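Trainee: One structure coming up, written as structure tokens, with questions to follow.
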Amino acid sequence: MLRRVTTPEGGATGRTPTSREPLVVMSGVDKHFGDLHVLKGVDLVVGRGEVLVVIGPSGSGKSTLCRTINRLESIDGGSITIDGAELPAEGKELARLRSDVGMVFQSFNLFAHKTVLENVTLGPTKVRGVKKADADRRGRELLERVGVGHQADKYPAQLSGGQQQRVAIARALAMEPKVILFDEPTSALDPEMISEVLDVMTDLATSGMTMVVVTHEMGFARKAADRVVFMADGELVEQADPETFFTAPRSPRAQDFLSKIFTH
Amino acid sequence: MEPVLDNLDLYVSGFWRSLEIVLWAAAGSLALGILLAAFRVSPVPVLQRLGALYVATIRNTPLTIVLFFFAFGVPAAFGVTWDFFALGTVGLVVYTAAFVCESVRSGVNAVDAGQAEAARALGLTFRQNLSLVVLPQALRTVVPPTGSVIIAMIKNSAVVGAIGVSGDLFSAYRRMASALGYERLPSIAGTAVGFLVMTLTAGAILMVVERRMAVSR
Ligand SMILES: Nc1ncnc2c1ncn2[C@@H]1O[C@H](COP(=O)(O)OP(=O)(O)OP(=O)(O)O)[C@@H](O)[C@H]1O
Ligand SMILES: [Mg+2]
Numbered sequence: 412m413l414r415r416v417t418t419p420e421g422g423a424t425g426r427t428p429t430s431r432e433p434l435v436v437m438s439g440v441d442k443h444f445g446d447l448h449v450l451k452g453v454d455l456v457v458g459r460g461e462v463l464v465v466i467g468p469s470g471s472g473k474s475t476l477c478r479t480i481n482r483l484e485s486i487d488g489g490s491i492t493i494d495g496a497e498l499p500a501e502g503k504e505l506a507r508l509r510s511d512v513g514m515v516f517q518s519f520n521l522f523a524h525k526t527v528l529e530n531v532t533l534g535p536t537k538v539r540g541v542k543k544a545d546a547d548r549r550g551r552e553l554l555e556r557v558g559v560g561h562q563a564d565k566y567p568a569q570l571s572g573g574q575q576q577r578v579a580i581a582r583a584l585a586m587e588p589k590v591i592l593f594d595e596p597t598s599a600l601d602p603e604m605i606s607e608v609l610d611v612m613t614d615l616a617t618s619g620m621t622m623v624v625v626t627h628e629m630g631f632a633r634k635a636a637d638r639v640v641f642m643a644d645g646e647l648v649e650q651a652d653p654e655t656f657f658t659a660p661r662s663p664r665a666q667d668f669l670s671k672i673f674t675h
Numbered sequence: 005m006e007p008v009l010d011n012l013d014l015y016v017s018g019f020w021r022s023l024e025i026v027l028w029a030a031a032g033s034l035a036l037g038i039l040l041a042a043f044r045v046s047p048v049p050v051l052q053r054l055g056a057l058y059v060a061t062i063r064n065t066p067l068t069i070v071l072f073f074f075a076f077g078v079p080a081a082f083g084v085t086w087d088f089f090a091l092g093t094v095g096l097v098v099y100t101a102a103f104v105c106e107s108v109r110s111g112v113n114a115v116d117a118g119q120a121e122a123a124r125a126l127g128l129t130f131r132q133n134l135s136l137v138v139l140p141q142a143l144r145t146v147v148p149p150t151g152s153v154i155i156a157m158i159k160n161s162a163v164v165g166a167i168g169v170s171g172d173l174f175s176a177y178r179r180m181a182s183a184l185g186y187e188r189l190p191s192i193a194g195t196a197v198g199f200l201v202m203t204l205t206a207g208a209i210l211m212v213v214e215r216r217m218a219v220s221r
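Quick mapping for you: the protein sequence lines, in order, are chains Z and X. Those letters in the first sequence? Residues 412 to 675, per my numbering, in order. Those letters in the second sequence? Residues 5 to 221, per my numbering, in order.
The structure is reproduced here in structure tokens:
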């Protein structure tokens, strides 16, 4: 069922999807680190079921953008809502809201002192109050789904980077989040492991999961993304569907950036 | 050492009394120290500042001043009627907790920030984050320095005796040297041996714990 939605003014970049129910709504989001203005009045709507790829030069604020969505970074101005609810300040209520927003980090960040299965069941048992037996069963299913079922009882350090990142995705999925944020999930991986992680992410995208993915993997963006957002200097400079963005970028900054990543 | 052997029961009962102080003080200072460390790493600025203020104040005050404050200042000012044993132990806890706090905090800081971040992103509360993710990983780096703090505390507990607790190892020396009129050197040596038994045992326990943790992951 499609609902007609009103989205906040799209700012300079205008385009917002109208066919999807908005799930993450950022409007006029400002963020400073000291004197550095990292996010400059960012307006962004992510629709339910949408796969959004965020691309842009180093230091443009992509990670910060991601991290404000589950309030790992606080914001100085504007507002962010998840499924209609504004992110509260630090506390129990924030923890509850965060549990609906999954996050996959560049450096995996699996809990080093817990087994793979425990990594996946910690959230459901401690945050959601799921019974251990149920969480274990569901955890094993998810590990199977991302292709590391037979590693369930090992510790993270015993796994390859690609396997660890797939466990991290299973850990996020175990919370049955409304949206999952990926911050350069394959940047820390050896080349031969990148595709195994991207395959899992592509499957997820196909299954209808809402995803915000910071990545420079063009293949993934072309195959799985509904929309690409180009970010530079804390602003959303351009957004388009992947094909249009990669073949005919409009802004000079995006053209310049793409010419650089194409040449190596 | 004859005078000591002749009065061995005096030293043995003094040993148990001192051990009692040490055990209470160890439990109390570990609990208070961990709580203070939690304050210092909490996301709440007021708690952070409270923890920092506590450490800055206590760590920069001589032990004897802290103990005198609790043994004489507190009863006079607030009409507290506890005995020296309780007051001295509380003073020792207050003093030692500042050092426990700093060693726990340094261990927490040694845990990769990504661990706490992943826990936050899952929706764990601050307390769950500390108790389920950060502290268990900090434990290995925390145990050796905290052990040293506790061993120092055992030695400091002699000062509690010197202030006026009766029946402990230090008062055994005082009784021997003044009331019973024995020579001072062997009398104090007996007390020293009593403390050595405690500190060496603590050191041995610490070593076993460290070795266990090195084996398990
Ligand atoms: N905690 C912080 N304190 C101070 N400055 C920060 C902090 N985090 C990020 N910055 C700065 O903010 C800017 C944006 O950083 P951010 O990590 O969001 O960029 P990015 O687009 O993700 O870059 P990259 O591609 O290198 O990951 C950078 O200049 C960075 O140095
Ligand atoms: Mg980044």
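Cβ coordinates follow ideal geometry from the N, Cα and C atoms, glycine included. Since the structure is predicted, the reported quantities are computational estimates derived from the model, not experimental observations.
At a threshold of 7 Å, does residue 452 of chain Z count as lining ligand 1 (C-beta to nearest heavy atom)?
Mentor: Counting from 1 along the first sequence, the entry for residue 452 of chain Z is found at position 41. Outside the cutoff, so no.
Trainee: Quick one: which chain X residues come within Cβ less than 7 Å of residue 537 of chain Z?
Mentor: For the purposes of this step, residue 537 of chain Z is taken as the residue at position 126 of the first sequence. Within 7 Å Cβ-Cβ: 128, 132 and 136.
Trainee: Mind checking which residues open and close the alpha helix (DSSP H) that includes residue 144 of chain X?
Mentor: Position 140 of the second sequence, counted from the first residue, corresponds to residue 144 of chain X. Start and end: 139-167.
Trainee: Name the chain X residues that come within less than 9 Å of residue 714 of chain Z, Cβ to Cβ?
Mentor: What the structure shows of chain Z is the stretch from 412 to 675, and residue 714 of chain Z is not part of that stretch, so it cannot be assessed.
Trainee: Below 8 Å, can you find three or more Cβ-Cβ pairs linking the region 556-570 of chain Z to the region 488-508 of chain Z?
Mentor: Taking 8 Å as the limit for Cβ pairs, the verdict is that the region 488-508 of chain Z does not touch the region 556-570 of chain Z.
Trainee: By the three-class DSSP mapping on this structure, what secondary structure does residue 438 of chain Z have?
Mentor: For the purposes of this step, residue 438 of chain Z is taken as the residue at position 27 of the first sequence. The answer is strand: DSSP assigns residue 438 of chain Z an E or B state.
Trainee: Please name the residue or residues paired with residue 669 of chain Z in a DSSP beta bridge.
Mentor: Here residue 669 of chain Z refers to the residue found at position 258 when the first sequence is read from its first residue. Partner(s): none; residue 669 of chain Z has no beta bridge.
Trainee: So, at 6 Å on beta carbons, what are the nonlocal neighbours of residue 21 of chain X in its own chain, with the 5 sequence-adjacent residues on each side left out?
Mentor: Position 17 of the second sequence, counting from 1, holds the residue named residue 21 of chain X. Same-chain partners within the cutoff: 171 and 172.
Trainee: Please tell me whether residue 680 of chain Z and residue 570 of chain Z are closer than 8 Å, where the distance is taken between their beta carbons.
Mentor: Residue 680 of chain Z lies beyond the residue range present for chain Z, which begins at 412 and ends at 675; the question has no answer from this structure.
Trainee: Given this structure, state the Cα-to-Cα distance separating residue 574 of chain Z from residue 138 of chain X, to the nearest angstrom.
Mentor: By one-based count along the first sequence, residue 574 of chain Z stands at place 163. By one-based count along the second sequence, residue 138 of chain X stands at place 134. Each residue's alpha carbon lies about 23 Å from the other.
Trainee: If the cut-off is 7 Å on Cβ atoms, which residues from the region 502-521 of chain Z count as contacting chain X, listed in chain order?
Mentor: Residues 503, 506, 507, 509, 510, 514, 516, 518 and 520.
Trainee: What's the C-alpha gap between residue 618 of chain Z and residue 442 of chain Z?
Mentor: By 1-based counting over the first sequence, the position of residue 618 of chain Z is 207. By 1-based counting over the first sequence, the position of residue 442 of chain Z is 31. Taking the straight line joining both Cα atoms gives about 33 Å.
Trainee: Taking Cβ-Cβ distances shorter than 8 Å, what residues in chain B pair up with residue 534 of chain Z?
Mentor: This model lacks chain B altogether, as its protein chains are Z and X.
Trainee: Alpha carbons only, please: which of X:62, X:94 and X:8 is nearest the one belonging to residue 29 of chain X?
Mentor: Position 25 of the second sequence, counting from 1, holds the residue named residue 29 of chain X. Comparing Cα positions, the closest option is X:94.
Trainee: CB of residue 595 of chain Z to nearest heavy atom of ligand 2: below 7 Å?
Mentor: Taking the first sequence and counting its residues from 1, the one referred to as residue 595 of chain Z is at position 184. Yes, the Cβ of residue 595 of chain Z comes within 7 Å of a heavy atom of ligand 2.
Trainee: Using a Cβ-Cβ cut-off of less than 7 Å, give me the residues of the region 580-594 of chain Z that come near chain X, in sequence order.
Mentor: Per Cβ criterion, the list reads 586.
Trainee: Which whole runs of the alpha helix (DSSP H) in the region 441-501 of chain Z are 4 residues long or more, in chain order?
Mentor: Complete alpha helix (DSSP H) runs here, min 4: 473-480.
Trainee: Classify residue 415 of chain Z as helix, strand or coil using the three-state DSSP reduction.
Mentor: Residue numbering aside, residue 415 of chain Z sits at position 4 when the first sequence is read from its first letter. The predicted position of residue 415 of chain Z is uncertain, since its pLDDT is 38 and thus under 50; a value taken from the coordinates is nonetheless stated next. Here residue 415 of chain Z sits in coil by DSSP.
Trainee: Could you check what DSSP says for residue 655 of chain Z in three-state terms: helix, strand or coil?
Mentor: In the first sequence, counting from the first residue as 1, residue 655 of chain Z sits at position 244. DSSP places residue 655 of chain Z in helix when its eight states are reduced to three.
Trainee: Does any heavy atom of ligand 2 sit closer than 7 Å to the C-beta of residue 518 of chain Z?
Mentor: On the first sequence, position 107 is the one that residue 518 of chain Z refers to. Because no heavy atom of ligand 2 lies under 7 Å away, the Cβ of residue 518 of chain Z does not count as near it: no.
Trainee: Quick one: which unbroken alpha helix (DSSP H) runs of 4-plus residues sit fully inside the region 26-71 of chain X? Chain order, please.
Mentor: Listed in chain order, the complete alpha helix (DSSP H) runs (minimum 4 residues) inside the region 26-71 of chain X are 49-63.
Trainee: According to DSSP, is residue 94 of chain X part of a helix, a strand, or is it coil?
Mentor: Walking along the second sequence from the start, residue 94 of chain X turns up at place 90. Note: residue 94 of chain X maps to helix in three-state DSSP.
Trainee: Tell me the DSSP bridge mates of residue 624 of chain Z?
Mentor: In the first sequence, counting from the first residue as 1, residue 624 of chain Z sits at position 213. Paired residue(s): Z:464 and Z:593.
Trainee: Name the chain Z residues whose beta carbon is nearer than 9 Å to that of residue 141 of chain X?
Mentor: Taking the second sequence and counting its residues from 1, the one referred to as residue 141 of chain X is at position 137. Result: 522, 523 and 524.
Trainee: Can you tell me which of the three DSSP states residue 610 of chain Z falls into?
Mentor: Translated into the one-based positions of the first sequence, residue 610 of chain Z becomes position 199. Reduced to three states, the DSSP call for residue 610 of chain Z is helix.
Trainee: On the DSSP letters alone, give me the boundaries of the beta strand (DSSP E) that residue 513 of chain Z sits inside.
Mentor: What you label residue 513 of chain Z is simply residue 102 of the first sequence in a count that begins at 1. Element bounds for residue 513 of chain Z: 512-515.
Trainee: State the DSSP-derived secondary structure class of residue 552 of chain Z, mapped to helix, strand or coil.
Mentor: Residue 552 of chain Z sits at position 141 when you count from the first residue of the first sequence. Of the three classes helix, strand and coil, the one that applies to residue 552 of chain Z here is helix, per DSSP.
Trainee: Whole angstroms are fine: how far does the CA of residue 150 of chain X sit from the CA of residue 217 of chain X?
Mentor: To locate residue 217 of chain X, count along the second sequence from 1; it is residue 213. To locate residue 150 of chain X, count along the second sequence from 1; it is residue 146. Each residue's alpha carbon lies about 15 Å from the other.
Trainee: Looking only at its own chain, which residues have a Cβ that is under 6 Å from the Cβ of residue 100 of chain X, when we skip the five neighbours before and after it?
Mentor: Position 96 of the second sequence, counted from the start, is the residue given in the question as residue 100 of chain X. Result list for residue 100 of chain X: 33 and 157, in chain order.
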